[in-house]
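In my numbering, the protein residues as written are 313 to 525. Every residue, glycine too, gets a C-beta built ideally from N, C-alpha and C. Report on the structure given below.
The structure is reproduced here in structure tokens:
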């Protein structure tokens with residue numbers, strides 16, 4: 313912790329900026345569609361979404377039925393964003409393993425309550441590390457690579473991927489609410505208060521109606 317603040321924190325910020333820059337350069341230089349790609353996708357976008365592909369800002373990768381240059385550029389772009397995603401997953405596992413090792417090293421010096429909280433936090437971190445892989449990493453890989461090997465995933469995978477990625481901000485904090493006792497207790501208290509208010513409000517309304525009758 314003494315080494316992480318401030319140097320590790322600053323390094324992590326630069327690391328995120330570096331990955332973002334690499335993603336931007338790779339996507340902008342290799343995946344921004346030229347006229348060939350837009351013409352190829354024009355009928356599909358019009359039939360499915362009823363929009364003109366020329367009016368959209370999007371990224372397109374073509375692996376078949378295109379010029380060799382377009383196919384090569386598409387592969388380069390997909391490989392760049394794939395390496396960034398794989399790198400992020402590796403960071404999850406590396407730092408997660410280091411946290412687990414650190415917790416077990418200090419296991420005998422902790423009190424029973426502290427040991428319990430640390431293990432619950434470890435479970436929450438494990439779940440939080442797994443959620444991005446399931447709802448973000450894997451759907452993106454399916455969408456990126458299935459078409460490259462002529463696997464027709466249909467529109468279902470596109471819609472499912474969008475929904476899964478959108479659910480990530482909701483699912484991620486749920487791990488903390490479930491595994492950390494203080495958070496779980498607080499959420500339970502809030503829900504209980506809301507339920508009590510609703511019940512009291514319902515009884516009050518019934519009493520008022522009975523009095524009027």
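Report task. Can you give me the Cβ contacts of residue 439 inside the same chain, cut-off strictly under 6 Å, excluding the 5 residues immediately before and after it? Result -> Within the chain shown, residue 439 is the residue found at index 127, counting from 1. Within the same chain, residue 439 has close Cβ partners 487.
Query raised in the report: Which value, in whole angstroms, describes the spacing of the CA atoms of residue 452 and residue 423?
Result: Indexing the chain shown from 1 puts residue 452 at position 140. Indexing the chain shown from 1 puts residue 423 at position 111. The straight-line gap from Cα to Cα measures roughly 43 Å.
Query raised in the report: Under 8 Å between the Cβ atoms of residue 443 and residue 484?
Result: By 1-based counting over the chain shown, the position of residue 443 is 131. By 1-based counting over the chain shown, the position of residue 484 is 172. Their beta carbons are under 8 Å apart, which means residue 443 touches residue 484 by this criterion.
**Report entry** Pairwise C-alpha distance: residue 435 and residue 471
**Finding:** Numbered from 1 along the chain shown, position 159 holds the residue referred to as residue 471. Numbered from 1 along the chain shown, position 123 holds the residue referred to as residue 435. Their backbone Cα atoms lie some 30 Å apart in a straight line.
Query raised in the report: Three-state secondary structure (DSSP) at residue 343?
Result: Looking up residue 343 in the chain shown gives position 31. Looking at residue 343 - three-state DSSP - the assignment turns out to be coil, as it is neither helix nor strand.
Query raised in the report: So the alpha helix (DSSP H) residue 399 belongs to, where does it begin and stop?
Result: The sequence position of residue 399 within the chain shown is 87, counting from 1. Per DSSP, residue 399 belongs to the alpha helix (DSSP H) from 380-417.
Report task. Please state if the CB of residue 367 and the CB of residue 358 are separated by a distance shorter than 8 Å. Result -> For the purposes of this step, residue 358 is taken as residue 46 along the chain shown, with counting starting at 1. For the purposes of this step, residue 367 is taken as residue 55 along the chain shown, with counting starting at 1. Taking 8 Å as the Cβ cut-off, residue 358 and residue 367 do not qualify as a contacting pair.
Query raised in the report: Any contact of the stretch 374-385 with the stretch 402-411, i.e. 3+ C-beta pairs under 8 Å?
Result: no
Query raised in the report: In angstroms, rounded to a whole number, what distance separates the CA positions of residue 396 and residue 343?
Result: For the purposes of this step, residue 396 is taken as residue 84 along the chain shown, with counting starting at 1. For the purposes of this step, residue 343 is taken as residue 31 along the chain shown, with counting starting at 1. Each residue's alpha carbon lies about 15 Å from the other.
**Report entry** Nearest neighbour of residue 370, chosen from 379, 388, 350 and 362 [CA to CA]
**Finding:** Translated into the one-based positions of the chain shown, residue 370 becomes position 58. Minimum Cα distance to residue 370 is reached at 350.
Query - Other residues of its chain near residue 356: CB distance less than 7 Å, five sequence neighbours each side excluded - result: Your numbering for residue 356 matches position 44 in the chain shown. Taken in chain order, the list of residues that qualify is empty.
Query raised in the report: The alpha helix (DSSP H) with residue 441 in it runs from where to where?
Result: Residue numbering aside, residue 441 sits at position 129 when the chain shown is read from its first letter. Taken as a continuous stretch (DSSP letters only), the alpha helix (DSSP H) holding residue 441 covers 424-444.
Query raised in the report: Would residue 449 be called buried (16 or more neighbouring beta carbons within 10 Å of its own) or exposed?
Result: Position 137 of the chain shown, counting from 1, holds the residue named residue 449. Residue 449 is buried by the Cβ-count criterion.
Query raised in the report: Apart from the five residues on each side of it in sequence, which residues of its chain come closer than 8 Å, Cβ to Cβ, to residue 339?
Result: Numbered from its first residue, the chain shown carries residue 339 at position 27. Excluding sequence neighbours, residue 339 sits near 371, 389, 392 and 393.
Query raised in the report: Are the CB atoms of residue 272 and residue 492 nearer to each other than 8 Å?
Result: With the chain covering 313 to 525 only, the question about residue 272 has no answer from this structure.
Query raised in the report: How big is the Cα-Cα spacing for residue 430 and residue 494?
Result: The count along the chain shown starts at 1 and reaches residue 430 at position 118. The count along the chain shown starts at 1 and reaches residue 494 at position 182. Between residue 430 and residue 494, the C-alpha separation is close to 13 Å.
**Report entry** Which of helix, strand or coil DSSP assigns to residue 334
**Finding:** Residue mapping note: residue 334 aligns to position 22 of the chain shown, counting from 1. Helix at residue 334.
Query raised in the report: Can you tell me whether DSSP reads residue 475 as helix, strand or coil?
Result: To locate residue 475, count along the chain shown from 1; it is residue 163. Helix.
Query raised in the report: Helix or strand or just coil, what does DSSP make of residue 373?
Result: Position 61 of the chain shown, counted from the first residue, corresponds to residue 373. Coil, per DSSP.
Query - CA nearest to the CA of residue 474, picked from 337, 447, 373 and 412 - result: Numbered from 1 along the chain shown, position 162 holds the residue referred to as residue 474. Residue 474 has its Cα closest to that of 447, out of 337, 447, 373 and 412.
Requested in this report: Return the Cβ separation of residue 496 and residue 490 in integer angstroms, given the expectation that the two are a contact with Cβ distance under 8 Å.
Outcome: Translated into positions along the chain shown, residue 496 becomes position 184. Translated into positions along the chain shown, residue 490 becomes position 178. 6 Å between Cβ atoms; contact.
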